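Under our numbering, the first residue of the sequence shown carries the number 3, and numbering increases by one thereafter.
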Amino acid sequence: MSRTHTIDRKTTETRINAELCLDGSGISTIQTGIGFFDHMLTLFCVHGGFDLKLAADGDLAVDFHHTVEDVGLVLGEAVSAALGNRAGIRRYGFAVTPMDETLAEVAIDLSNRPYLIWHLPAMTEPADTFHRGLAKEFCRAFSAKGGMNLHINVRYGENEHHILEAIYKSMGRALAQAIGKDPDRGGVRSSKGVL
């Protein structure tokens, strides 16, 4: 059975509709109005093997923050809902991804204990109008609603585009590993018996 979830979220700042399938093949249709962000989310899906249809209509005339953060909230909630009680999954995922001069590592624990660690090298050249502060807000929201520890460590890198691209690819790969089905475990991977 495919692990999927659909969300329609409306606020005074954004309206977002998302259909997520965790057991997909990396096919996505993403329209947030922010081209670079769409590209990052596409990479997340391709490298994680997730299918995603996402349409966001936000107050981009104000800035990108509301849309980016709310997409993080929606995707995190979709992941959590699609996983249900999280029984039978590996729980932990880790990926190291190079992108030219950049090396990014991401570790995920689907523990239902949200926490974000964000460690990047000193500020580099900006990636057009989308910057690391926006990416961090996405990750914070994604972690919070997804119920996950999300540790992001970019060991080195100079080009902001490459840094962000390596992060989103690593997140997709690490999440795919964490949600992977564990054939040796029927329940949850926790000494408490619940996540």
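For every residue, glycine included, the Cβ atom is placed at its ideal position computed from N, Cα and C.
Computed from a prediction, not measured in an experiment: that's the story for all the values here.
Sequence-distant residues of the same chain with beta carbon closer than 7 Å to residue i, five excluded per side
i, result
"Glu79", "Ile9 and Lys147"
Collapsed DSSP secondary structure at residue i in the structure displayed
i, result
"Leu56", "strand"
"Gly95", "strand"
"Asp10", "strand"
"Ser27", "coil"
"Leu152", "strand"
"Phe38", "helix"
"Phe144", "helix"
"Ala20", "strand"
"Ile32", "strand"
"Ala124", "coil"
"Ile181", "coil"
Contacting residues, own chain, Cβ-Cβ under 6 Å from residue i (five flanking each side not counted)
i, result
"Leu85", "none"
"Glu107", "Val98 and Asn155"
"Gly174", "Phe46, His49 and Gly50"
"Tyr170", "Met42, Leu45 and Phe46"
"Ala178", "Gly50 and Gly51"
"Lys55", "Glu21 and Thr31"
8 Å Cβ shell around residue i - same chain, five flanking residues per side excluded
i, result
"Gly28", "Cys47, Val48, His49, Gly50, Gly51, Phe52 and Asp53"
Exposure of residue i, with buried meaning 16 or more beta-carbon neighbours within 10 Å
i, result
"Glu167", "buried"
"Thr131", "exposed"
"Arg142", "buried"
"Ser145", "buried"
"Arg115", "exposed"
"Glu162", "buried"
"Ala7", "First, the residue type needs correcting, since residue 7 is His and not Ala in the sequence shown. It counts as buried."
CB contact flag (residue i, residue j, <9 Å)
i, j, result
"Gln33", "Asp40", "yes"
"Val81", "Ile181", "yes"
"Ile36", "Leu62", "yes"
"Ile165", "Pro100", "no"
"Leu75", "Ala109", "no"
"Gly188", "Gly90", "yes"
"Leu118", "Arg93", "no"
- [ ] Specify whether the segment 135-142 and the segment 57-74 touch according to this definition: at least 3 beta carbon pairs, one from each stretch, less than 8 Å apart.
- [x] yes
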